[in-house]
Amino acid sequence: MTFQALYTLTDLRVILRETAPNHMLDETQRAQALRLLDNLERQVASLKQEMLK
Amino acid sequence: MRCGMGIEARQVNELFINIDPIQAGGRLTADAMKAVIAYGDGYSVCDNCRKPNRLDYISKPPIAEFHRDVAAWLNMDSVRTVPGARRGFQAVANTYIKKGDPVLLTSLSHYTEFLAIEETGGIAREIPHDPAHKITADATAMKIEEVMREFGRVPVLAFIDHVDYQYGNMHDVKAIAKVAHQYDIPVLYNGAYTVGILPVDGTDLGVDFVVGSGHKSMAAPAPSGVLAATKERSAEVFRTTTIEGDVTKRKFGIKEPEMMGCTLMGATLIGMMASFPHVKERVKHFDRELENNRMVLEALLSVSGTKILSEYPRNHTLTRVDTIASFDSVAESHKKRGFYFSGALEEKGIVGVIPGATKVWKFNTYGATTKQAAFLADAFVTIATDNGLILNK
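Spelled out as structure tokens, the structure:
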């Protein structure tokens with residue numbers, strides 16, 4: 934799960950690179966970012982549960 | 011934000027459009043970033059190293075397959091990974107050059123090719139470029155004849171850059187290699203700015219070696235690169251060790267002296283491997299990169315007095331411009347002098363132009379999206395008009 938979260942953050946990092954310097958996301962990029970952020974929240978929640986059990 | 015004591019997290023490519031001429035093709039793909047996260051430990055790719063204990067034989071991760079794939083992609087017989095293109099030059103130079111041997115390179119060659127020759131005691135002889143800053147087959151033939159008159163023999167090796175680092179000009183390697191081979195001179199193709207950027211076919215070019223740079227053009231971490239060879243030359247440059255210890259009688263299997271055994275053993279190799287499928291795909295779309303480059307150059311040329319010093323129309327995205335009669339004329343009276351230009355670019359979110367440079371400078375648009383290229387084009391024009399420069403009608 935650690936890697937999954939890191940990789941999701943990496944995909945978000947790539948969006949930042951592709952939209953530099955103003956980071957004005959188009960519709961497709963917004964949808965992709967939203968999906969990645971949702972995944973990240975789930976991955977962090979799972980990580981919390983696994984590590985603190 | 012820091013990632014270690016005294017080490018700021020680097021966010022250049024997240025916060026800015028980076029047009030640094032040497033950094034454009036080496037930016038990592040998402041897969042390379044992910045692979046580097048997992049394989050950052052020193053000998054990380056060596057977990058499953060089995061006999062005959064050599065990097066290019068490891069099958070998990072698929073390093074052996076990667077070597078075969080890169081050789082096929084370059085249409086050469088064999089490949090080794092090396093810690094940067096310069097180590098590829100060095101391996102070939104060490105194999106063929108002896109003290110006092112004449113060696114051919116060009117008046118636009120990278121300094122590391124000179125150093126590779128110097129280390130062997132060879133003597134560098136440059137093929138001069140023509141007034142358009144191009145290296146031609148005719149100039150190559152003339153230089154070989156000149157070397158023969160001077161040394162009584164032909165050069166033992168020729169280093170030819172397909173695209174040079176000074177102008178980003180594309181040179182006719184195929185014709186040059188044909189001439190060199192008429193004199194039995196092996197040819198090393200320097201693809202530091204082409205392998206991983208545009209299609210390269212070593213067999214079609216008729217060269218003996220192809221050298222590429224991972225960190226310059228294959229979306230890989232530094233230092234990384236590839237050295238490919240024909241079958242005939244592989245036996246020479248990738249020869250295996252024969253040395254034996256006199257006390258222990260130890261021998262060292264199939265290790266290769268020019269590679270110093272194994273080469274890239276961790277994040278560098280895995281990064282290059284992870285990017286490779288994307289790199290194979292991106293070289294097919296180099297025309298899009300040239301189109302973005304053209305958009306930026308047209309904007310620069312719209313500023314009266316700006317000249318393109320590289321060949322034009324462009325065959326590569328690395329471009330040298332002369333703005334003495336445009337942006338530099340502002341520097342003369344600006345309170346920030348020449349730094350106004352890079353400062354204005356940075357304020358707009360653009361980096362990579364040498365701070366203070368307003369006379370002759372280079373940039374590379376490779377990897378910019380079309381939106382980013384349009385942004386760059388607009389930024390140059392806006393900085394010009396903001397500073398009272400005239401736009402061509």
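For the record, the sequence lines run as chains A and B.
Position in the first sequence (from 1) plus 933 gives the number in the working numbering.
Position in the second sequence (from 1) plus 10 gives the number in the working numbering.
The C-beta atom is built at its ideal place from N, Cα and C for all residues, glycine as well.
What you are looking at is a predicted structure, and each value in this text was computed from that prediction instead of being measured.
N-terminal and C-terminal residue of the beta strand (DSSP E) that residue i is part of
i                : result
Pro112 (chain B) : 112-116
Ser88 (chain B)  : 88-92
Asp214 (chain B) : No beta strand (DSSP E) contains Asp214 (chain B), which is instead part of the alpha helix (DSSP H) from 212-215.
Tyr199 (chain B) : 197-201
Ser223 (chain B) : 219-223
Val370 (chain B) : 370-374
Glu136 (chain B) : 133-137
Thr329 (chain B) : 328-332
Ala239 (chain B) : 235-239
Exposure label - residue i; buried when at least 16 CB within 10 Å
i                : result
Ile86 (chain B)  : Here the sequence assigns Met to residue 86 (chain B), which means Ile is not the residue at that position. By the 10 Å Cβ count, Met86 (chain B) comes out buried.
Thr380 (chain B) : exposed
His423 (chain B) : Missing from the structure shown is residue 423 (chain B); chain B here goes from 11 to 403 and no further.
Thr39 (chain B)  : buried
Pro165 (chain B) : buried
Phe936 (chain A) : exposed
Leu198 (chain B) : buried
Val217 (chain B) : buried
Pro323 (chain B) : exposed
Gly206 (chain B) : buried
Met228 (chain B) : buried
Gly52 (chain B)  : exposed
Through-space distance from residue j to residue i, alpha-carbon basis
i                 : j                : result
Glu321 (chain B)  : Ala142 (chain B) : 7 Å
Leu939 (chain A)  : Glu254 (chain B) : 47 Å
Ala966 (chain A)  : Ala239 (chain B) : 44 Å
Arg1045 (chain A) : Gly98 (chain B)  : Absent from the structure is residue 1045 (chain A), since the part of chain A shown begins at 934 and ends at 986.
Glu89 (chain B)   : Arg330 (chain B) : Residue 89 (chain B) is actually Val in this sequence, not Glu. Each residue's Cα considered, the two are about 32 Å apart.
Asp57 (chain B)   : Thr368 (chain B) : 51 Å
Gly377 (chain B)  : Ala34 (chain B)  : 6 Å
Asp30 (chain B)   : Ala284 (chain B) : 23 Å
Ile212 (chain B)  : Ile400 (chain B) : The residue asked about is misnamed: residue 212 (chain B) is Gly in this sequence, not Ile. Going by the C-alpha atoms only, they are around 46 Å apart.
Pro112 (chain B)  : Gly366 (chain B) : 39 Å
Gly398 (chain B)  : Ile364 (chain B) : 22 Å
Lys317 (chain B)  : Phe337 (chain B) : 11 Å
Asp959 (chain A)  : Arg12 (chain B)  : 31 Å
His288 (chain B)  : Tyr49 (chain B)  : 19 Å
Asp174 (chain B)  : Val257 (chain B) : 49 Å
Val391 (chain B)  : Ser312 (chain B) : 8 Å
Ile472 (chain B)  : His344 (chain B) : This structure does not reach residue 472 (chain B), given that chain B is present from 11 up to 403, and the question cannot be answered.
Gly36 (chain B)   : Leu114 (chain B) : 28 Å
Range of the contiguous alpha helix (DSSP H) that encloses residue i
i                : result
Tyr940 (chain A) : 935-952
Glu299 (chain B) : 296-311
Asp171 (chain B) : No alpha helix (DSSP H) holds Asp171 (chain B); the beta strand (DSSP E) holding it covers 168-171.
Pro124 (chain B) : The sequence given here places Phe at residue 124 (chain B); Pro does not occur at that position. 121-130 is the span of the alpha helix (DSSP H), which, as asked, contains Phe124 (chain B).
Gly14 (chain B)  : Not the alpha helix (DSSP H): Gly14 (chain B) falls in the beta strand (DSSP E), residues 12-14.
Glu156 (chain B) : 147-161
Asp396 (chain B) : 380-396
Leu970 (chain A) : 960-984
Ala7 (chain B)   : Since the first and last residues shown for chain B are 11 and 403, residue 7 (chain B) lies out of range.
Tyr350 (chain B) : 349-358
Asn23 (chain B)  : 22-25
Gly98 (chain B)  : 95-106
Lys44 (chain B)  : 40-48
Val80 (chain B)  : 73-83
Proximity to residue i [Cα-Cα], best of the options
i                : options                                : result
Asn303 (chain B) : B:Asp338, B:Ala383, B:Ala354, B:Pro62  : B:Ala383
Glu268 (chain B) : B:Lys259, B:Arg249, B:Glu24            : B:Arg249
Val361 (chain B) : B:Asn23, B:Ile133, B:Ile137            : B:Asn23
Phe296 (chain B) : B:Arg96, B:Leu307, B:Lys144, B:Pro209  : B:Pro209
Gln962 (chain A) : A:Ile948, A:Ser979, A:Thr941, A:Leu942 : A:Ile948
Leu328 (chain B) : B:Glu155, B:Gln176, B:Asp41            : B:Gln176
Ala232 (chain B) : B:Gly276, B:Asp214, B:Pro196           : B:Gly276
Ala69 (chain B)  : B:Pro93, B:Gly206, B:Glu128, B:Ile280  : One detail in the question is off: residue 69 (chain B) reads as Ser in this sequence, not Ala. Checked all of B:Pro93, B:Gly206, B:Glu128, B:Ile280; the closest Cα to Ser69 (chain B) is B:Ile280.
Gly132 (chain B) : B:Ala149, B:Glu155, B:Phe169           : B:Phe169
Phe373 (chain B) : B:Leu310, B:Glu266, B:Asn402, B:Ala134 : B:Leu310
Met224 (chain B) : B:Ile195, B:Val80, B:Val340, B:Ala151  : Note on identity: in this sequence residue 224 (chain B) is Gly, with Met being the wrong assignment. Of B:Ile195, B:Val80, B:Val340, B:Ala151, the residue nearest in Cα terms is B:Val80.
Phe26 (chain B)  : B:Ile334, B:Ile393, B:Ala101, B:Gly359 : B:Gly359
Met305 (chain B) : B:Tyr350, B:Leu386, B:Ala230, B:Lys261 : B:Leu386
Val247 (chain B) : B:Ala103, B:Arg37, B:Ala147, B:Lys261  : B:Ala103
Tyr193 (chain B) : B:Asp182, B:Asn200, B:Tyr203, B:Glu156 : B:Glu156
Thr252 (chain B) : B:Gly263, B:Asn200, B:Thr375, B:Ile127 : B:Gly263
Ala394 (chain B) : B:Ala95, B:Ser117, B:Ser339, B:Ala126  : B:Ser339
Listed by chain order, chain D residues near residue i by CB distance under 9 Å
i                : result
Leu958 (chain A) : In the structure shown, chain D does not exist; the protein chains are A and B.
Exercise for the section: Could you list the residues in the stretch 20-33 of chain B with a C-beta less than 7 Å from some C-beta on chain A, going in chain order? Expected result: Residues of the stretch 20-33 of chain B that bring their beta carbon within less than 7 Å of a beta carbon in chain A comprise Asn23, Glu24, Leu25, Phe26, Ile27, in sequence order.
Practice task
Anything in the stretch 42-57 of chain B with a Cβ closer than 9 Å to a Cβ of chain A? List those residues in chain order, please.
Solution key: Residues passing the 9 Å Cβ filter: Met43, Lys44, Ile47, Ala48.
Handout entry: Within 9 Å of chain B by C-beta, residues of the stretch 943-954 of chain A in sequence order
Key = Flagged, chain order: Thr943, Asp944, Arg946, Val947, Leu949, Arg950, Glu951, Thr952, Ala953, Pro954.
Exercise for the section: Would you list, in chain order, the members of the stretch 349-361 of chain B that have their beta-carbon closer than 8 Å to a beta-carbon of chain A? Expected result: Answer in chain order: Lys358, Gly359, Ile360.
Handout entry: Contacting positions in the stretch 382-394 of chain B - beta carbon closer than 9 Å to chain A
Key = Of all residues in the stretch 382-394 of chain B, Gln382, Phe385 have a Cβ within less than 9 Å of some Cβ in chain A.
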